[in-house]
Each structure stands twice: as structure tokens, then as C-alpha cells.
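Residue numbers (this note's numbering), protein chains in the order written: chain A, 1 to 792; chain B, 793 to 1057.
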Amino acid sequence: MTGTGIGASVKRVEDQRFLTGNGNYTDDINRPGQSHAWILRSPHAHATITSVDISKAEKADGVIAIFTGADMAADGVGGLPCGWHIHNKDGSPMLEPGHPPLAHEKVRHVGDQVAIVIAATHDAARDAAELIEVDYGVLPAVINMDAALAGGTLVHDDVPNNRCFDWEIGDKNAVEAAFAAADHVVSIDLVNNRLIPNAMEPRAAISEFDRSSGQYTLHTTTQNPHVIRLLMGAFVLQIPEHKLRIVAPDVGGGFGSKIFHYAEEAILTWAAAKVHQPIKWTAERSESFATDAHGRDHETHADLALDKSGKFLGLRVATKANVGAYLSTFGSSVPTYLYATLLAGVYTTPAIYAEVQTVFTNTVPVDAYRGAGRPECTYLLERLVTKAARQVGIDPVALRKMNMIQPDQYPYQTPVALMYDCGDSPATFESALKASDYAGFGARRAAAEKSGKLRGIGISTYVEACGIAPSAVAGALGARAGLYESAQVRVHPTGSVTVYTGTHSHGQGHETTFAQLVSESFGIPIDQIEISHGDTDQVQFGMGTYGSRSLAVGGPAILNACNKVIDKAKKIAAHIMEADVSDIEFADGKFTVAGTDKEMAFAEISLAAYVPHNYPIEEIEPGLDENAFYDPLNFSFPGGAHICEVEIDPETGDTEIISFTAVDDVGRVVNPMIVEGQVHGGLAQGVGQAMLEGCVYDDAGQLLTGSYMDYTMPRADNLPNFSVATQSVMGASNPLEVKGVGEVGAIGSPPAVINAILDALAPLGVDDISMPATSLKVWQAIQESSVRQAAE
Amino acid sequence: MYQFNYQKAGSADEAASAVTAAEDGRFLAGGMTLIPTLKQRLAQPSDLVDLAGISDLVGIEDGGDSITIKGMTRHVDVANSDLVKSKIPALASLADNIGDPQVRNRGTIGGSLANNDPAADYPAAVLGLNATVITNKREIAAEDYFDGMFTTVLEEGELITAVRFPIPAKAAYMKFPNPASRYALVGVMVAQTGGDTRVAVTGAGQDGVFRASEIESALSANWSADAAKAVKMSDDGLNADIHASAEYRAHLISVMASRAVTAAG
Ligand SMILES: Cc1cc2nc3c(=O)[nH]c(=O)nc-3n(C[C@H](O)[C@H](O)[C@H](O)COP(=O)(O)OP(=O)(O)OC[C@H]3O[C@@H](n4cnc5c(N)ncnc54)[C@H](O)[C@@H]3O)c2cc1C
């Protein structure tokens, strides 16, 4: 036994370098002869560009070159593509207006790229940028989605009413029939607040062009280097893959925001061939706020139909989703297939219909952010179900239990396309109720009341979908790429192993978790195993990391490649030990001949594979180096129950989370410590969304929350000591039986927090509060209710 | 940042004359406010005159019925000072709640008061405790020192060398932090000092720190938490932003004042 296989809480091997300042991030890299870029950005949310005068700036000290949108347009550079095609209700295609990397003729959000200044130093580039004279024809900005849909101001002249698409899913007639037969109808209007991702490392890139080989290299902060190579090479710059190398070295957090192909990547790569010098660019924190794709931003109306007993009969949902000024890489799929396909949640609701309109506004693009669509869906369902319990007069626990999918109903076909492969929501719910001492809440509420505090408890039960595959299904739904994953397992002559994975780790700990898979498979300790990712010149084509897909899709690819290695190694062992292959057994890193004491170590076989003196050369090739591509059978479906308890100081509105319990079903757990860490991080982001974080633009499209002075990130003292546990039904759709854990915390938690706050405020007659529920909003809700009560 | 000349002064006088001689000179203390301003290119001084290393400007002195804190004394040193903790615990705890450890390890009382951020904590201490701001040129009473947000009566080249706090009979500071910046959304210093009842409010006023005379009179008549809470502050002249309405701030002033009275005893 190695002690480093599946199920061991192995310490993260990557942390040594991260915590000692030895990480190798893009901004740590410097290339010989490197120049520096500053991107001149629009100060206006919406304006025509009448002229750009670079004559003074060009003459400034240290300036190498300045390019504008007109230069890129003249070169025939393409627009940034969207990776998922959605159709309207009537079957017509969504509208995809152009997205030039450098704005041409018009800017559409504050921070839109207007020019790149390339100079000998960063300061010289920035100084020169101040000398560029841009003549803007300022236009009215449209920020609010209703105003946008009313037309008037158009973000793109070729998109009437600023509507990108109007999409639907589910059986409308069945839902209408359900409502006609309903005893109760519960309705809710919700805003899912817009969030700014705030990865610790800002985006950065270094581009290079090698004149002798014609090869481009781009180091960039991405979660999916091959996807960037494909999108930028094929759609934007017309560079074939073999001439384009993308390297994503250590990346300091992404949370989705580094999936997308960003303009700066294309601008820098294109410009490197013009100036024949490497160009480096690193975003400042203010640029991150203003230009990283934001998350969420939905407005939804929903109705739930129930029968007399409380059984859910039908669900009707109408959502408006803000996509910002341009369609980002997955901007169209997040509010559709990653959102509305989960509207059954953990419940047996037989009829569901949802329609989603996506809307262009003069704000930065909105795209996937930790959870991507599933937090929006879970928030809606769990607020609605809690409201239904109160309105219909049924206990919220009982109402949930009565409507939950039972373990014997799997595989479960929902009315909104997905087939849940396995799960047991009643079990995780029961455990969470127990762990949180739900039954004892009354006494805690009474105690809080004595000290002048309002105490509340809130529940959220959820299911989510990870992996975003199989490719054929994703393709049928509009994905413009496959969603399999790849692995190459290269055993070296002396028995150490390098694994090339097409996923990318930017904080998740793949270098540990994936090594544990190999350790388990080969029976060798993880210090013999290296996980390599991020360089398209080293790694075979892969799809990268998002949607909690890395272990669920990338893991089986590694496992399959390991199995191919073992199959081949057995043949070598059989030859050397003069036995039949069927008699060779492999366990704990040793090949043995059944019924004998003959054995060979893993490293002896690998040496034989590369020094094939005594080798079945007629039967197999030398070497021990296998690859595998894995396309999953289905999504995987993690789920669970989150319970939050809060106390509110009614005098100030200050709200404290007293306890938070999460019981999650994530399938097989490879590294319990990493899983716990992922849940902690996700919960922190979920609490952030629920109570602290909210992106605010003013009516003119200026970002009011453009720094940490105004955008509230969750901090340690905002959070309680979480009580987290996993309780799993092993995954049914992949050979590792894993489900995914990266996003569950952020998906399940926001409604638990808000339901707790509303439970605390219920005695005052408060029945709604929007996220983030800041002390201001809580206080205002209390004031308004007491004013209202006094008036009544 | 734009280019600037860096100078390091050996004494307060040298620093003052260097700033005066420069085309557009600025003192550099802890740099916690000034450096971010420069990085964002919101200021373009010709010269920075670094006060670090002027030992005369650092330290806390016992004046019997007062404590004098030198201008370059860091927040962390005020927070940890046994003298301050025993004589004016309200001031030590105020300093201990400024920003985060990194900020407290660099930020200084002189820098904070010269900057006069309308949401900073020290202004409430200076006004509430009736302190005297001492510069290389004069002594300025708290009442006369603040001159609207980010403005003071300091003249060019005028250096805060120390602040003298009379020892109050009672005092406490209560801060309701801005959720994002953790500066004061509303911070209230209540004190009984020199026979007066003083209530100074930071974070709330459009013109920066001010005395809440309504609460002062309520407390002069009846030093009790309830008396403070019963005062309904007007929201006239109070800040409104995405974090708090003027109405919320007005309400928080009474609540924080009442809690401060409880803490002061
Ligand atoms: C993340 C963060 C959080 C913060 N949170 C808080 C908070 O909660 N509460 C709070 O009150 N403050 C807070 N601050 C501000 C902090 O207290 C700063 O230290 C203070 O505002 C400035 O002090 P400094 O020594 O850094 O001055 P500097 O930044 O060096 O200088 C500020 C200004 O004062 C001038 N100056 C400096 N010293 C003198 C002097 N002796 N005489 C005359 N002029 C001088 C400088 O020329 C400059 O114009 C925070 C700052 C940061 C970065």
C-alpha cells in the first residue's frame, strides 16, 4: 500500500511552491527582448469612436507601436466567437453581433478596448496612452434589462430590442394544464445578483512570434489552453494549430472567469507579429473589476402549482438574463442549458416550462462563474419552495420530503431534458437536519430572543449537473465543441510517471488528486508521479477545467490510459516470467504469476519496455506510454442539503451566520481534505453572493463597485466554522464513480442563507429580501415592515 | 505611478523645508493612502519626502493629564501601548480596529489626520476627546482643525508632529464598519472630558467628522444609553451611497452612540 491512493487525505503537493512564493505565474515570466503593453480603455459605456489620434503618443519616449481597432479591422482580424449556439422559440438562430478585439467605430461598455500601446516599459506605455486623443460621440447607455428590451437605445444596431435570443424548454401545454388543476399557486419575483469574480491573480499574457519558424506562443491566464488555441487560431487570427502554442502556467484562481477567450489574448498575439518582440500585459486590479466577465445577473418570475396536499404539479419560469455588451464564450449556454435544465431540482414536479430572454446591455459581458446557471436555478427553486411552505401552511421540511425524488426512482427522467443517473436526496437532507440539530432550533430561537436577537433557520436542497457532456448531447444542444477529456500516461524507463492531462488546475489541486488516481492504479507513491498540464505543445488536445468536470471527465481518461499501460505491462511480464498473460496478476505495484512466487516490480517491467532485450517484440512495441480520450455517458449529478442559521441585530440589521451545515453527495471522494476545502471555498462564495457581493452600475454605465472599497468580498470573519460532510451514492456514469465538487458549495448555499434571514424576519412580516442581504437591506426591510404594520 | 523625486528627511524641519522647496511636494508617512493614490495616477507630486526614519516623530508620551502621540506613530503602536490602554482605552481600541494588520503596521496617526478621510476613525477621536493637533508651526484645537472632507487647515509644508489627547473621565468608540472597505460607515466617539460631554461622529457627514450636539445635550442631561438612543438624528447633510442611505446613517449614529455610552460605563 502506498498510502497515497484513492481516499487518502494527501497534502496538496502544489502548495509547497504556492505557499513559498515559488509559483510560476504568467506575470513571473519574462522573455528576452520583452516589451510591455497598456490597453487604452473606454471611459464611456456607449459611444461612437469618431477619431483616434495617436500622433503625439507615438512620439513619446519608449513607444514601440500603437494599434487601434481600425488596424485590426484592416488586417481582417475576426471577432471573438461564442461557443454555444442557441435557437429562438421559433427556431431561428440567436443574434451574434460582432465582437472586435479592439473596438472599432463604437465602444459598448466602460473598459472596452480602444487601443494597445506597446513600449519599452510598462510606465512608458501607460504614459503614452494618456497622450492618445480619442474623439467619442457619447451615446445614451442602456443598463437595465427592461429598458434594453424596450428598444430605444441599441447596444448593437443589428440587434432589435437588444434581445440576443428568446428561448424555451419544457412542455408549455402540460404546465398550463397543471396550473388549471392546481389548488394553490405560489409566485415569486427574484433577482439573481450580478457578481464580479475576483480571482486572486489578475489576467495576464505574454505573446511572442518567432520569425524563423513562424510560430506564435502565448502565455496566458486561462483555464483551458486548447480551447483558446482553437478559438483564437481558427476564428480570430487564422493561425493553424501547429503554429500556435498556448501555455497556461500556474494560474491563480479562475472560478470560470478565465475560461473565456478574451480580447487581450488576440490583440497581443496579433501585435507580436507586428513588432517582432514579445509583449507582456498584466491587468491591474481595477481592470479586472471592469473587464473580467461577470457572473449571474438574472431577473425571474416563477409560479409553482400545488395540489391540496402540497404535491408540486407544475412550474412555470420566465427569466431575463443579462449577457452584457457582447456574447462571451459561454454567455449563451449559462442561462439556458446550464440553468433551466435543472429546474426539476430534487423534486418530482411533473410539468415544467421555462422561457429565457437574453439581453444586451452596456455592461461588461456576463458568463460562467462558479456554478454557472445552477446557483441561479437552485436559488429560484429553494426560495420558491420555502415561500410555498409558508403560503400553503406546510412545514418546509415536510413539503420538501413529500416532493423529493426517491432513491428507487433513479434513473430519473426530468421534464427538462436531463436524466439524473443516481442520487439520494432524502438521505443527505435527513443527515443535514440531524447535523444542524434542526429539531432543537426552537429553543435556540427563544434564547436569541432573550438577548434581543432575531434568529432564523434556512434550508436548501439541491442537485446540479457536472461534466457538461456527453459530446453528442452537448452538440445537439448547440455546443460548438466536444466535451470529452484526454490523458496521456507516460511511464519512464525507471518507473516514474508523467501524466499529461487536458484539464487545467488553477487552485483545485489536480496535481495531487490526479496523482492519487495513478498511485492507486500502479501501486506507486505519488512522489513518483508528475501531473503536467497547460502547455499545448506538451499536452494532447483537451478541453480544460470548468463545470466541475476535471475529475468526472478527465479522471476516467487517466484511469483508462493507466489500464492500457497495465494491459501492456502484463504482456511484458508474461513474456519475461514465461507465463500465460491470463495468469498475470497486478496488485500493489507487483506483477505476479498466479499460483507461483514469481513476481516483478512495476519498475522492472517499465525498464524492460524501454530496454527490450528480453521482450515480446513480435507481439507488442517497445515503450510504455498510452493515451486515452474519454467521453462520458451522462452528466454527473452531485447534490445535497445545506442548512444555515443566522442571528440578526434588529437595531442595525447586522446579520451573523451562527452555523452552516452542508451535507453533499459528490460520489466517490478521492481526497477528503481537498473535497472539504472545495466545499469551504464554495460556501464562502455562496455566502458572499447572499450577503455581501453585488456589482452595481449607475445609469450611465459607470461601475460603482470597481474596487474593494465598494465591492464586498467575503472574509474569514464573515463566516462561521462550517460543518461539512459528504454522504455519497457512488456516481453511476463514469468508471471512477465520481460526481464533482468544485461548485456545490456556491450552488447550494445562497438560498439557505436568504431563507434563514427571511425566517428570522418572518415574525415582523417581512417576506422578501434581495441579495446581497446587507445590513442596510435587512434594516430597511425591518423599517418598512414596521411602518406597514403601524399603518395597518 | 508618475515619476517623482524621492527624498528622505533627517528631521522634521528638514522635511518641512524640503516639501516647501519642491514644486509640488508631499510628505510620505505610512503610504497606506498616498501610495495607492499614486498607483492609480490620481496625484502627480513632484517630490515625496519620506518621514520614516525621523525618530523624533515616533513615540507616545505621558503628560500626566494628557497623552501625546507623535505624528509618525503607527496604529499598531497606539493599539498596543500600555499607557494608552490604561489611560484612554477607547483610543487604543479605536486604533486596533483600523483596517487590517498590514495597514496598522504602516499607517500613522499623522497621515490619517492629514488625509482626513470622511470615514476614517482618528478624526472622531481627535474631535470627541478634544485633542490638540501639534504641527511644526502651531497648536491647533480639534474644533478648528477639520475643514470638510479630505481637507484640514494644514498649510503647505505644515507637518503634524504630534497629537495631544487630554485624559477623559469616560470615553468609548463604537464603529459600524462599511462592509466592503471596513472604514466607518458610522463611527461615534462619546466622552466626558474636561467637564464636557462630547459626541463626535465620523463616516456619516458629507463634510467629514462632526459633533452630534443633539446627542451631547441629551447625554449632558442624562448620561445613559437610552438617552442617546432616544435622539432621532436628522439625515440632513449625511452621506448616501450604495452602502447606506442617509436615513440609515442617521439611525446608526444614535445606536452607536448609545452602545458607546454603555461601553464607556
Ligand atoms: C486597506 C486599508 C484599510 C484602511 N482602513 C481604515 C480604517 O478602517 N479606518 C481608518 O481610519 N483608516 C483606514 N485606512 C487608512 C489608514 O489608516 C492610513 O494609514 C491613513 O489614512 C494614512 O496614514 P499613512 O501614514 O499611511 O499616510 P500616507 O498615506 O503616507 O499619507 C497620507 C497623506 O497625509 C500626508 N501626511 C502624512 N503624514 C503627515 C504628517 N505627519 N503631517 C502632515 N501631512 C502628512 C501625506 O502627504 C499624504 O497626503 C485604511 C487604509 C487601507 C489601505
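In this text, a Cβ means the ideal position worked out from N, Cα and C, and glycines have one as well.
Under 9 Å between beta-carbons, which chain A residues line up against residue i? List them in chain order, please.
{"i": "B/Ile-959", "result": "The premise fails here: B/Ile-959 is roughly 30 Å from chain A at the closest Cβ pair, so nothing lies under 9 Å."}
{"i": "B/Phe-968", "result": "Thr-652, Asp-654 and Ser-775"}
{"i": "B/Pro-971", "result": "Met-691, Leu-692, Thr-712, Asn-718, Pro-772, Thr-774, Ser-775 and Leu-776"}
Using a C-beta to C-beta distance shorter than 7 Å, which residues of chain B count as neighbours of residue i?
{"i": "A/Glu-651", "result": "Val-1047"}
Below 8 Å on the Cβ atoms is my contact criterion, and I expect residue i with residue j to pass it. Report the Cβ-Cβ distance as a whole number of Å.
{"i": "A/Thr-329", "j": "A/Thr-26", "result": "Wrong, their Cβ atoms sit about 19 Å apart, outside the cutoff."}
{"i": "A/Val-827", "j": "A/Thr-300", "result": "A query on residue 827 of chain A cannot be resolved here, the shown segment of chain A reaching from 1 to 792 and no further."}
{"i": "B/Ala-887", "j": "B/Ala-871", "result": "4 Å"}
{"i": "A/Asn-322", "j": "A/Arg-108", "result": "With 8 Å as the limit, A/Asn-322 and A/Arg-108 do not qualify as a contact, their Cβ atoms being about 13 Å apart."}
{"i": "A/Asp-665", "j": "A/Val-729", "result": "6 Å"}
{"i": "A/Val-687", "j": "A/Pro-714", "result": "6 Å"}
{"i": "A/Val-110", "j": "A/Pro-43", "result": "7 Å"}
{"i": "A/Val-679", "j": "A/Ala-690", "result": "A/Val-679 to A/Ala-690, Cβ: 16 Å. No contact."}
{"i": "A/Leu-399", "j": "A/Leu-342", "result": "That pair is no contact at about 19 Å."}
{"i": "A/Tyr-262", "j": "A/Leu-244", "result": "Going by Cβ atoms, the distance from A/Tyr-262 to A/Leu-244 rounds to 16 Å, so no, they are not a contact pair."}
{"i": "A/Ala-752", "j": "A/Gly-458", "result": "5 Å"}
{"i": "A/Gly-62", "j": "A/Ala-124", "result": "3 Å"}
Could you name the residues of chain A that residue i contacts, counting a contact when the two beta carbons are closer than 7 Å?
{"i": "B/Ile-901", "result": "None at all; the shortest Cβ gap to chain A is about 21 Å."}
{"i": "B/Ala-912", "result": "Neighbours of B/Ala-912 on chain A: none; closest Cβ ~13 Å, over 7 Å."}
Given a threshold of 16 other Cβ atoms within 10 Å of its Cβ, counted over all protein chains shown, does residue i qualify as buried or as exposed?
{"i": "A/Ser-309", "result": "exposed"}
{"i": "B/Lys-831", "result": "exposed"}
{"i": "B/Ala-1004", "result": "buried"}
{"i": "A/Gly-254", "result": "buried"}
{"i": "A/Leu-704", "result": "exposed"}
{"i": "A/Glu-618", "result": "exposed"}
{"i": "A/Asp-802", "result": "For chain A, the structure presents residues 1 to 792; residue 802 of chain A sits outside this window and is missing."}
{"i": "A/Gln-516", "result": "buried"}
{"i": "A/Ala-685", "result": "Ala is not the amino acid found at residue 685 of chain A; the sequence shown has Gln there. Counting Cβ neighbours within 10 Å, A/Gln-685 comes out buried, since at least 16 surround it."}
{"i": "B/Pro-828", "result": "exposed"}
{"i": "A/Asn-22", "result": "exposed"}
{"i": "A/Met-600", "result": "buried"}
{"i": "A/Asn-192", "result": "buried"}
{"i": "A/Gln-793", "result": "Residue 793 of chain A lies beyond the residue range present for chain A, which begins at 1 and ends at 792; the question has no answer from this structure."}
{"i": "A/Ala-447", "result": "exposed"}
{"i": "A/Lys-11", "result": "exposed"}
{"i": "A/Asp-710", "result": "buried"}
{"i": "A/Thr-817", "result": "Outside the shown range of chain A, which is 1 to 792, sits residue 817 of chain A, and nothing can be said about it."}
Quick one: list the residues of chain A neighbouring residue i, beta-carbon separation under 8 Å, in chain order.
{"i": "B/Tyr-965", "result": "Simply none; closest approach about 16 Å."}
Answer yes or no: does any C-beta atom of chain C fall closer than 9 Å to that of residue i?
{"i": "A/Pro-375", "result": "No chain C appears in the structure shown, which is made up of the protein chains A and B."}
If the cut-off is 9 Å on Cβ atoms, which residues from the region 688-712 of chain A count as contacting chain B, listed in chain order? Met-691, Leu-692, Gly-694, Val-696, Leu-704, Thr-705, Ser-707, Tyr-708, Met-709, Asp-710, Tyr-711 and Thr-712
Which of the residues in the region 772-786 of chain A, read from start to end, lie with their CB under 9 Å from any CB of chain B? Pro-772, Thr-774, Ser-775, Leu-776, Trp-779, Gln-780 and Gln-783
Using a Cβ-Cβ cut-off of less than 9 Å, give me the residues of the region 1021-1044 of chain B that come near chain A, in sequence order. Lys-1021, Asp-1033, Ile-1034, His-1035, Ala-1036, Ser-1037, Glu-1039, Tyr-1040, His-1043 and Leu-1044
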